[in-house]
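Written below as structure tokens is the structure these notes are about.
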Amino acid sequence: MKMTGAQIVWESLLKEEVEVVFGFPGGAIIPIYDTLPEYPQMRHVLVRHEQGAAHAADGYARATGKVGVCMATSGPGATNLVTGITNAYLDSVPMVAITAQVARSVIGTDAFQEVDTTGITLPITKHNYLVLDTASLARVLKESFHLARTGRPGPVLVDIPRDVLAEATEYSYPEEVNLPGYKPVLEGHAAQVKRAAKMINEAERPLILAGRGVAIAGAHRELRELAEAGEIPVVTTLLGIGSFPESHDLSFGMPGMHGAAYANLAVDGADLIIAVGMRFDDRLTGRLSGFAPRAKVIHIDIDPAEIGKNVRVDVPIVGDARQVLGAVVKQILPRGHSEWLKQLGQWRDEHPLSVRECGGLLPQYVIRQIYEATGGGAIVVTGVGQHQMWAAQHCCYDRPNSLISSGGLGTMGFGLPASVGVKVGCPDDVVWCIDGDGSFQMTMQELGTIAQEKLGVKIAIINNGYLGMVRQWQGLFYERRYVATPLSGPDFVQIAAAYGIPGLRVTRREGVVPAIERALGEDGPFLIDFVVEPEEDVYPMVPPGAALAEVIEEPVRGEVAV
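Quick look at the structure:
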């Protein structure tokens, strides 16, 4: 059957069971949009900026485990996707980005809205394609989805010239892909699995360090089985939060630059680190020479390039986290670690995450009340900054993928558009977007998308009138020279109202709970502008260049437990 390239795009997306596409039209991509009415089963979400399309596809993918799809036109449409694609690349998010390109006859002539999209995105995609033959388009799309979702997931970009979209050819969707050289290893090497199990059985102070790879592999059950079988405490990276229930007795929080002090002490005191699906990034490790100085390291990851990249590894295991953990747990001997767990419990009692008493409104209190009101049942999506760290610290995440945040790239503006994708993918879940006033203003035009799509996202702006994390560094390391960090903003409640979204402004502690209850009582979206203490800092904090054990805890100023 003959089809145009544009029809092939939609037919192929349906073959891949794609239900929704986030996009923004433009000149070169008109053929795809012109064909969309032929496919009423396909939902298209019109964002207000292409960056929002990439972040929405990212949030959708993280929340559902499916491949997120975004599309944009040539030139600025494609370049506006770049930040979102990079964010997905660094956080291993399965995504297919479809961009239009100028016609083949004018490629290389600096035609209107022409850019070298594949050249620009080569370093930030798992793979990319420039499709110069309509007959190869179906194969390329099949390969793109396969690459995006298998092995270590990531974004794949498909750039399609406008005349390829208009040209007709025989359509046949491949049943299989043939990619010589691309064969991700799923099963861990049996001898390495045996070595790892022996090392775990002999350890006195073992510690599991779980990352996002656990969620990607769907290895939550296997991780819990390993922890319980060996009575091994678990800490998680920022993106690993939710991979192990934080209410579990063996859960000891998040270590790292703004991790709990007791989690950092656990890493420092361990004699064995079992790292699963994580990459030992600098925000987690602190000074590498001071990272887990007494520990041997087992590293399980599907990407061989990550093993040994930053931290010396004693037992490397390349493979899928679910399969490897399942094999390891079969060889674990029941053994208690009561003294080690007692020590960790003591550290947790002595170094709690706390909030000081204050006459003003503290952001930690706000976030804690959101958690209490939802009973931990909400999906929390954040921007990047101080609010992100408080959201990680002061909520208890028991469900996989219940905290969705930008990790590797630290992308301000991620929160609101990502919450669009999360709510589209999980319409029956309560979705809270916790954002800062700086991060929110980068992408707040996506309020228009939320209003148009009638998405019941609840939005909490932690408004301190600063670019807070940068201001904190200026305060601690640059003698409080607050250069370019004081931040003015609009009346966010009125901005929301202009889009037809109700909202409230809260300036006092007693107004927090009623506002949250009002938001939860609304069927649709709701925005709350929480005006908080302007110079509140995020603690604990590991200073740059310091080891995890050198964590700074907030000075005692009448602290009380949250």
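Under our numbering, the sequence shown is numbered contiguously, ending at residue 1563.
Glycine is no exception: its CB is placed at the ideal position from the N, C-alpha and C atoms.
(request) Measure the C-alpha to C-alpha separation of PRO1597 and ASN1265 and round it to an integer number of angstroms. (result) Nothing can be reported for residue 1597: it is not among the residues displayed for the chain, which extend from 1002 to 1563.
(request) Using the Cα positions of ILE1275 and ALA1211, report the straight-line distance between them to the nearest angstrom. (result) 8 Å
(message) Taking the beta carbon of GLY1243 as the centre, do at least 16 other beta carbons fall within 10 Å, making it buried, or is it exposed?
(response) buried
(message) Quick check on DSSP: helix, strand or coil for ASN1081?
(response) helix
(message) So GLY1490 and GLN1387 are supposed to be a Cβ contact under 8 Å. How far apart are they, rounded?
(response) Going by Cβ atoms, the distance from GLY1490 to GLN1387 rounds to 15 Å, so no, they are not a contact pair.
(message) Helix, strand or coil for LEU1251? Go by DSSP, reduced to three states.
(response) coil
(request) To the nearest angstrom, report how far apart PHE1113 and VAL1103 are at their CA atoms. (result) Counting only the Cα atoms, VAL1103 lies some 8 Å from PHE1113.
(message) For the pair the region 1431-1440 and the region 1119-1130, tell me if three or more CB-CB distances fall below 8 Å.
(response) Three or more Cβ pairs closer than 8 Å define a contact, and the region 1431-1440 falls short of that threshold against the region 1119-1130.
(request) Return the chain-ordered list of same chain residues with a C-beta closer than 6 Å to the C-beta of HIS1056, the five sequence neighbours on each side being excluded. (result) GLY1085, PHE1415, PRO1418, ALA1419
(request) Could you tell me the distance, in whole angstroms, from the CA atom of ALA1322 to the CA atom of ARG1213? (result) 10 Å
(request) Report all residues from its chain with a CB closer than 6 Å to the CB of ASN1202; omit the five preceding and five following residues, and keep chain order. (result) LEU1334
(message) What would DSSP say about THR1643, mapped onto helix, strand or coil?
(response) Nothing can be reported for residue 1643: it is not among the residues displayed for the chain, which extend from 1002 to 1563.
(message) Distance check for ARG1280 and HIS1300, CA to CA, integer angstroms please.
(response) So the alpha carbons of these two residues sit roughly 9 Å apart.
(request) For the beta strand (DSSP E) containing TYR1130, list its first residue and its last residue. (result) 1128-1131
(request) To the nearest angstrom, report how far apart MET1004 and TYR1172 are at their CA atoms. (result) Cα to Cα, MET1004 sits roughly 6 Å from TYR1172.
(request) Classify PHE1023 as buried or exposed, calling it buried when 16 or more other Cβ atoms lie within 10 Å of its own Cβ. (result) buried
(request) Less than 8 Å between the CB atoms is what I'm expecting for GLY1320 and GLY1189, so what's the real figure, rounded? (result) Their Cβ separation, rounded to whole angstroms, is 4 Å, which keeps GLY1320 and GLY1189 in contact under 8 Å.
(request) State whether the region 1093-1102 contacts the region 1143-1151, with contact taken as three or more CB pairs (one from each stretch) at a distance under 8 Å. (result) Taking 8 Å as the limit for Cβ pairs, the verdict is that the region 1143-1151 does touch the region 1093-1102.
(request) Please say whether MET1200 and LEU1273 have beta carbons closer to each other than 8 Å? (result) yes
(message) Extract the residue ranges of the alpha helix (DSSP H) inside the region 1237-1281, only unbroken runs of 4 or more that lie entirely within it.
(response) Runs of the alpha helix (DSSP H) inside the region 1237-1281: 1262-1270.
(request) Pick out whichever of ARG1288, LEU1208, ILE1009 has its Cα sitting closest to the Cα of GLY1254. (result) LEU1208
(message) From the DSSP secondary-structure annotation, give me the bridge partner or partners of VAL1070.
(response) VAL1097
(message) Which of the three DSSP states is assigned to VAL1019 in this structure?
(response) Looking at VAL1019 - three-state DSSP - the assignment turns out to be coil, as it is neither helix nor strand.
(message) Would you call the region 1418-1435 in contact with the region 1493-1510, where contact means no fewer than 3 C-beta pairs closer than 8 Å?
(response) Fewer than three beta-carbon pairs drawn from the region 1418-1435 and the region 1493-1510 are found closer than 8 Å, and the two stretches are therefore not classed as touching.
(request) Report yes if the C-beta distance between LEU1404 and ALA1393 is below 8 Å; otherwise report no. (result) yes
(request) Below 8 Å on the Cβ atoms is my guess for PHE989 versus LEU1549; work out the distance and round it to an integer in Å. (result) Here the chain covers residues 1002 to 1563 and nothing more, so residue 989 does not appear.
(message) Run through the DSSP bridge pairs and tell me what ILE1299 is partnered with.
(response) Beta bridge pairing from DSSP links ILE1299 with ILE1275, VAL1316.
(request) Rank GLU1511, GLU1536, ALA1197 by C-alpha distance to the C-alpha of ASP1315 and give the top, closest one. (result) ALA1197
(message) Which same chain residues end up closer than 6 Å to PRO1162 when comparing Cβ atoms and leaving out the 5 residues on each side of it in sequence?
(response) GLN1102, ALA1104, ARG1105
(request) Please confirm whether VAL1312 and VAL1298 have their CB atoms less than 8 Å apart. (result) yes
(request) Kindly indicate which residue of LEU1187, ASP1283, ALA1328, PRO1401 has the alpha-carbon position closest to the one of ALA1230. (result) ALA1328
(request) List the endpoints of the continuous alpha helix (DSSP H) containing ALA1216. (result) Unbroken alpha helix (DSSP H) run through ALA1216: 1213-1218.
(message) Less than 8 Å between the C-beta atoms of GLY1378 and VAL1458, yes or no?
(response) no
(message) Could you compute how far the alpha carbon of HIS1352 sits from the alpha carbon of HIS1395?
(response) 14 Å
(request) Write down the C-beta distance between GLU1017 and ALA1262 rounded to the nearest angstrom, noting that I regard them as a contact closer than 8 Å. (result) Between ALA1262 and GLU1017 the Cβ distance is about 46 Å, and since that is not below 8 Å, they are no contact.
(message) Just to confirm, is the Cβ distance from VAL1385 to SER1407 under 8 Å?
(response) With contacts defined by Cβ atoms closer than 8 Å, VAL1385 and SER1407 form a contacting pair.
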